[in-house]
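Asker: Taking our numbering, the leading residue of the sequence shown gets 30, the next gets one more, and so forth.
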Amino acid sequence: AIDRWFEDLSYYERTLEQMAKAKLDDNFREELKAIEQWFSVLTEPERTTALYSLLRHTTQVQIRFFITVLQQLAQKDPMNTSPGHKGQPG
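#1: Roughly how far, in whole angstroms, is the beta-carbon of A51 from the beta-carbon of F57, given that I think they are within contact range, below 8 Å?
#2: Helix, strand or coil, according to DSSP, for R85 in the structure here?
#3: Would the segment 87 to 95 count as touching the segment 34 to 42 if we require 3 or more Cβ pairs under 8 Å?
#4: If you run the structure through DSSP and keep just helix, strand and coil, what is V98?
#5: Throw me the rounded Cβ distance for the A63 and L71 pair, which I believe falls under 8 Å.
#6: According to DSSP, is A79 helix, strand or coil?
#7: Alpha helix (DSSP H) containing D32: first to last residue?
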């Protein structure tokens, strides 16, 4: 288990380095901006559908990476501050 954890950590570090390099590529930044603009006009169900469809094409290591990122984002979510609160309005 510890070996897998270290392998994942190494993968995450490489991924973050590669993401930083990709963001320096003008063509990639332009394409990403277009995707983000398209995504911003979608409804929440459309966004969920699009993300789900894309996530189905990820590797197991990428899935663990996204789980880690999503858990960190969830901890920062102001709607997730009270104990027992599921982060849903109401």
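Cβ coordinates follow ideal geometry from the N, Cα and C atoms, glycine included.
Predicted model only: the values in this text are computed from it and were never measured.
Answerer: Taking the structure as given:
#1: With 8 Å as the limit, A51 and F57 qualify as a contact, their Cβ atoms being about 5 Å apart.
#2: Coil at R85, not helix or strand.
#3: Segments in contact, yes.
#4: Note: V98 maps to helix in three-state DSSP.
#5: By a beta-carbon distance limit of 8 Å, A63 does not contact L71. Their separation comes to about 13 Å.
#6: In this structure, A79 counts as helix in the three-state DSSP scheme.
#7: Where D32 is concerned, the enclosing alpha helix (DSSP H) stretches over 31 to 53.
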